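2 protein chains.
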Amino acid sequence: MTKPEKRAEVVRVALELIAEKGFHGAPMAMIAERAGVGAGTIYRYFENKEVLITELYRELEERIFQALLAGYDPDQPIRERFLHLGTTLLRFFVDHPLEFRYLEQFHNSPYGVEHRRDKLLGKGREDDIFRGLFVDAIVRREMKDFPLPILFSLAFGPLLSVARDAILGFYTLDADQVARFVEACWDGVRR
Amino acid sequence: MTKPEKRAEVVRVALELIAEKGFHGAPMAMIAERAGVGAGTIYRYFENKEVLITELYRELEERIFQALLAGYDPDQPIRERFLHLGTTLLRFFVDHPLEFRYLEQFHNSPYGVEHRRDKLLGKGREDDIFRGLFVDAIVRREMKDFPLPILFSLAFGPLLSVARDAILGFYTLDADQVARFVEACWDGVRR
DNA sequence: GCTAGAAGAATGAACGTTCATTCCGCATAA
DNA sequence: TTATGCGGAATGAACGTTCATTCTTCTAGC
Numbered sequence: 128m129t130k131p132e133k134r135a136e137v138v139r140v141a142l143e144l145i146a147e148k149g150f151h152g153a154p155m156a157m158i159a160e161r162a163g164v165g166a167g168t169i170y171r172y173f174e175n176k177e178v179l180i181t182e183l184y185r186e187l188e189e190r191i192f193q194a195l196l197a198g199y200d201p202d203q204p205i206r207e208r209f210l211h212l213g214t215t216l217l218r219f220f221v222d223h224p225l226e227f228r229y230l231e232q233f234h235n236s237p238y239g240v241e242h243r244r245d246k247l248l249g250k251g252r253e254d255d256i257f258r259g260l261f262v263d264a265i266v267r268r269e270m271k272d273f274p275l276p277i278l279f280s281l282a283f284g285p286l287l288s289v290a291r292d293a294i295l296g297f298y299t300l301d302a303d304q305v306a307r308f309v310e311a312c313w314d315g316v317r318r
Numbered sequence: 128m129t130k131p132e133k134r135a136e137v138v139r140v141a142l143e144l145i146a147e148k149g150f151h152g153a154p155m156a157m158i159a160e161r162a163g164v165g166a167g168t169i170y171r172y173f174e175n176k177e178v179l180i181t182e183l184y185r186e187l188e189e190r191i192f193q194a195l196l197a198g199y200d201p202d203q204p205i206r207e208r209f210l211h212l213g214t215t216l217l218r219f220f221v222d223h224p225l226e227f228r229y230l231e232q233f234h235n236s237p238y239g240v241e242h243r244r245d246k247l248l249g250k251g252r253e254d255d256i257f258r259g260l261f262v263d264a265i266v267r268r269e270m271k272d273f274p275l276p277i278l279f280s281l282a283f284g285p286l287l288s289v290a291r292d293a294i295l296g297f298y299t300l301d302a303d304q305v306a307r308f309v310e311a312c313w314d315g316v317r318r
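In the order they appear, the protein sequences are chains D and X.
Quick note, the first sequence lines up with residues 128 to 318 if you use our numbering.
Quick note, the second sequence lines up with residues 128 to 318 if you use our numbering.
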């Protein structure tokens, strides 16, 4: 196995294990074993477990950002842009259960809260695409007049909740239901 | 300290510590110390840590159920019943941050998923109050026609999301905002 | 082209720490 | 005196991390 392959394999296994069993169900020794490398080898690529965890998070964030960007047209009407982002996001989660579960684990950890705090009170990144849309919508009076973070909760709270349940196997979402669901989210935020 | 006082104190401290630092940030020894009892004493009241955790969860569930019941009138129109349950729940969470954080921790643990699975596929308890309302609403065509669990996500996803952020201190919710927010949730589920 | 040696990468046993749980001596009340 | 409940030191399992050693790859000299 080449050097970059090893790193990638460690990251892949870490995603899988942590998504399935949580941070505390994924000891470094187990990650190493399943990745087919020595326990110490991981520390050649990541300073410690925390760095591995946050680095993996960053990579996921980037992939989602790219997925959202694909096919996004800033010139479309607000409603259409909202529907596009919502369905893309929900589909991404449903199609990538491991990634979704990982994000949830991360968000419910101290790292996640810290990270979130920075985002809400500072410069976003893929937030910008959401932030831009929402600010635009408020100015044009097409969305309810709530503070931005509250509007985010209103719009994406249902989305995350339904993705979680679908991924846990409580039910399945077909394409039509996804579309109708995101429209329902729109009903929640729109004026 | 009398016997029942000790038990109650252990439960109180466990709630506090676990809510603030998670299951893994709340070692039994620390719970014991802050509760003013010996480490071994906890095991006179709870077989092991898991039992303590699930027992505490059950007690919280019961308190929420009671809060929801107070002032609930099954004869009111669907919209009013929905608004009552929503605002009561959201207010309860905002007023009881420790309890909310504990519930979140629990839900994101293996116990929680198991528990949830039972609920969605079986007999509810305080669910009944929600289930009854929602089934009623669908039959009368006052809510969108989604499977029940999806409708729950649509209605309560935003609520949990906004409660979480408020409790983490990202913003504060006054009474007016709570009311308007729950109405926005209603916009999401209503036909 | 071949080989000796250096340099870098990988390894996994070992370490120190932390945790849930157990156990035994002690105190209190009968 | 005896019995009961309690405390907290002791225990052993599990973890993240380290480091002395081995293995691999590359370079340089012939």
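Positions of the beta carbon are idealized from the N, C-alpha and C atoms, including for glycine.
Because the structure is a prediction, the values reported are computed rather than measured.
(message) Contact criterion: CB-CB distance below 8 Å. Does X:Ala194 meet it with respect to chain D?
(response) Taking the first residue of the second sequence as position 1, residue 194 of chain X is located at position 67. Proximity of X:Ala194 to chain D, defined by a Cβ-Cβ separation below 8 Å, is not satisfied.
- prompt: With a CB to CB cut of under 7 Å and the five nearest residues on each side skipped, what residues in its chain are close to D:Phe261?
  reply: Translated into the one-based positions of the first sequence, residue 261 of chain D becomes position 134. Excluding sequence positions up to five before and after D:Phe261, its CB lies within less than 7 Å of the CB of Met270, Leu275 and Leu278, all in the same chain and listed in chain order.
| said: At the level of alpha carbons, what is the spacing between D:Ser288 and X:Ser280? | reply: Position 161 of the first sequence, counted from the first residue, corresponds to residue 288 of chain D. Position 153 of the second sequence, counted from the first residue, corresponds to residue 280 of chain X. For the pair D:Ser288 and X:Ser280, the Cα-to-Cα distance works out to about 5 Å.
Self-check item: In DSSP terms, what X:Met270 is bridged to
Solution: One-based indexing of the second sequence puts residue 270 of chain X at position 143. X:Met270 pairs with X:Arg317.
Please classify X:Ala302: is it buried, with 16 or more other beta-carbons within 10 angstroms of its beta-carbon, or exposed?
As a working note, residue 302 of chain X is residue 175 in the second sequence. Exposed, because fewer than 16 other Cβ atoms sit within 10 Å of the Cβ of X:Ala302.
Review point. Any C-beta of chain D sitting closer than 8 Å to the C-beta of X:Asp222?
Key: Locating residue 222 of chain X in the second sequence gives position 95, counting from the first residue. So, not an interface residue.
* Taking three-plus beta-carbon pairs below 8 Å as touching, is the stretch 282-301 of chain X in contact with the stretch 208-222 of chain X? -> Between the stretch 282-301 of chain X and the stretch 208-222 of chain X there are three or more C-beta pairs closer than 8 Å, enough to call the two in contact.
- [ ] For X:Pro276, go through chain D and note every residue whose CB falls closer than 7 Å to its CB, in chain order.
- [x] Numbered from 1 along the second sequence, position 149 holds the residue referred to as residue 276 of chain X. Contacts between X:Pro276 and chain D, judged by CB atoms closer than 7 Å, involve Asp292, Phe297 and Tyr298 in chain order.
Margin query: Only counting the same chain, and skipping five residues up and downstream in sequence, which positions put a Cβ closer than 7 Å to that of X:Arg318?
Written below: Numbered from 1 along the second sequence, position 191 holds the residue referred to as residue 318 of chain X. If we look at X:Arg318 and ignore the five residues flanking it on each side, its Cβ neighbours are Arg268, Glu269, Met270 and Lys271.
Checklist line | Closer than 7 Å: X:Glu143 CB and nearest the ligand FMN heavy atom | finding: The ligand FMN is not part of the structure shown, which contains no ligands of any sort.
task: Please look up how many angstroms separate the CB atoms of X:Leu187 and X:Ala141, rounded, as I've assumed it's under 8 Å.
output: Looking up residue 187 of chain X in the second sequence gives position 60. Looking up residue 141 of chain X in the second sequence gives position 14. Incorrect: roughly 11 Å between the Cβ atoms, too far for contact.
Buried versus exposed, by CB contacts within 10 Å (16 or more), X:Leu216: Position 89 of the second sequence, counted from the first residue, corresponds to residue 216 of chain X. Buried, because 16 or more other Cβ atoms sit within 10 Å of the Cβ of X:Leu216.
> So, do the stretch 196-212 of chain D and the stretch 307-317 of chain D have three or more beta carbon pairs nearer to each other than 8 Å?
Replying inline: Under the three-pair Cβ rule at 8 Å, the stretch 196-212 of chain D counts as touching the stretch 307-317 of chain D.
* Going by Cα to Cα distance, which pick from D:Leu295, D:Leu248, D:Val240 and D:Val305 is closest to X:Lys148? -> Against the second sequence, residue 148 of chain X aligns to sequence position 21. Comparing Cα-Cα distances from X:Lys148 to each of D:Leu295, D:Leu248, D:Val240 and D:Val305, the minimum goes to D:Val240.
Here's the rule I'm using: 16 or more other beta-carbon atoms within 10 Å means buried, otherwise exposed. How should X:Leu196 be labelled?
As a working mapping, residue 196 of chain X is identified with position 69 in the second sequence. Flag for X:Leu196 reads exposed.
*Beta-carbon neighbours of D:Pro285, restricted to chain X and to distances below 7 Å*: Taking the first sequence and counting its residues from 1, the one referred to as residue 285 of chain D is at position 158. Those are Ser280, Leu281, Gly284, Pro285 and Gly315, listed as they occur along chain X.
State buried or exposed for X:Asn235, treating a residue as buried only when at least 16 other CB atoms are found within 10 Å of its CB. The count along the second sequence starts at 1 and reaches residue 235 of chain X at position 108. X:Asn235 comes out buried.
Checklist line | chain D contact residues for X:Glu231, given Cβ-Cβ distances below 9 Å | finding: Residue mapping note: residue 231 of chain X aligns to position 104 of the second sequence, counting from 1. Within chain D, the residues near X:Glu231 are Asn235.
field: Ranges of the alpha helix (DSSP H) found wholly within the stretch 140-176 of chain X, counting only runs of at least 4
entry: The stretch 140-176 of chain X contains these whole alpha helix (DSSP H) runs: 155-162 and 169-172.
Any chain D beta carbon closer than 8 Å to X:Ala153: Counting from one through the second sequence, the residue named residue 153 of chain X turns up at place 26. No, no contact with chain D.
Q) Would the beta-carbon of D:Ile145 fall within 8 Å of that of D:Tyr229? A) Along the first sequence, read from residue 1 onward, the residue named residue 145 of chain D stands at position 18. Along the first sequence, read from residue 1 onward, the residue named residue 229 of chain D stands at position 102. Yes, they are a contact pair.
Check your understanding: Rounded to a whole number of angstroms, what is the C-alpha to C-alpha distance between X:Met155 and X:Val137?
Key -> On the second sequence, residue 155 of chain X is found 28 positions in, with the first residue counted as 1. On the second sequence, residue 137 of chain X is found 10 positions in, with the first residue counted as 1. One C-alpha to the other measures close to 10 Å.
Cβ atoms of D:Phe150 and D:Gln203: under 8 Å apart, would you say? To locate residue 203 of chain D, count along the first sequence from 1; it is residue 76. To locate residue 150 of chain D, count along the first sequence from 1; it is residue 23. No.
### Query
How big is the Cα-Cα spacing for D:Glu182 and D:Thr168?
Counting from 1 along the first sequence, the entry for residue 182 of chain D is found at position 55. Counting from 1 along the first sequence, the entry for residue 168 of chain D is found at position 41. Per the coordinates, the alpha-carbon of D:Glu182 lies some 17 Å from the alpha-carbon of D:Thr168.
Handout entry: Cross-chain neighbours of X:Leu247 in chain D, by beta carbon under 7 Å
Key = Position 120 of the second sequence holds residue 247 of chain X. What X:Leu247 touches in chain D: Phe297.
Hey, which unbroken runs of the alpha helix (DSSP H) at 4 residues or more fall wholly within the stretch 211-289 of chain D? Correct list: 224-234, 237-247 and 254-266.
Q.
If the criterion is Cβ atoms closer than 8 Å, does the pair D:Ile205 and D:Asp263 meet it?
A. Reading the first sequence from its first residue, position 78 is the one you call residue 205 of chain D. Reading the first sequence from its first residue, position 136 is the one you call residue 263 of chain D. Closer than 8 Å, so yes.
> Checking contacts by CB at 8 Å: is D:Val289 closer than that to chain X?
Replying inline: Working through the first sequence from its first residue, we reach residue 289 of chain D at position 162. Yes, D:Val289 counts as interfacial toward chain X.
### Task
From the DSSP output, in three-state form, read off X:Pro204 for me.
Locating residue 204 of chain X in the second sequence gives position 77, counting from the first residue. In this structure, X:Pro204 counts as coil in the three-state DSSP scheme.
(message) I believe D:Gly284 touches X:Pro285 by the beta-carbon criterion, under 8 Å. Please report the beta-carbon distance rounded to the nearest angstrom.
(response) Start at 1 with the first residue of the first sequence, and residue 284 of chain D comes out as number 157. Start at 1 with the first residue of the second sequence, and residue 285 of chain X comes out as number 158. D:Gly284 to X:Pro285, Cβ: 4 Å. Contact.
- Query: By how many angstroms is the C-alpha of X:Glu174 removed from the C-alpha of X:Asp245?
  - Reply: The sequence position of residue 245 of chain X within the second sequence is 118, counting from 1. The sequence position of residue 174 of chain X within the second sequence is 47, counting from 1. Taking the straight line from one Cα to the other gives about 23 Å.
Enumerate in chain order the residues of its own chain whose CB-to-CB distance from X:Leu247 is below 8 Å, with the five nearest sequence positions on each side excluded.
Here residue 247 of chain X refers to the residue found at position 120 of the second sequence. Excluding residues within five positions, the ones whose Cβ falls inside 8 Å are Pro276.
Query raised in the report: Apart from the five residues on each side of it in sequence, which residues of its chain come closer than 7 Å, Cβ to Cβ, to X:Phe227?
Result: Within the second sequence, the letter at position 100 stands for residue 227 of chain X. The residues are Phe220, Ala290 and Ile294.
Exercise. Would you say D:Gly165 and D:Ala159 are within 8 Å of each other, going by their C-beta atoms?
Worked result: What you label residue 165 of chain D is simply residue 38 of the first sequence in a count that begins at 1. What you label residue 159 of chain D is simply residue 32 of the first sequence in a count that begins at 1. Result yes, Cβ atoms of D:Gly165 and D:Ala159 sit closer than 8 Å.
*asked:* Looking at chain D, is there any beta carbon in it that lies within less than 8 Å of the beta carbon of X:Phe257?
replied: As a position in the second sequence, residue 257 of chain X is number 130, starting the count at 1. With 8 Å as the cut-off, X:Phe257 does not count as an interface residue toward chain D.
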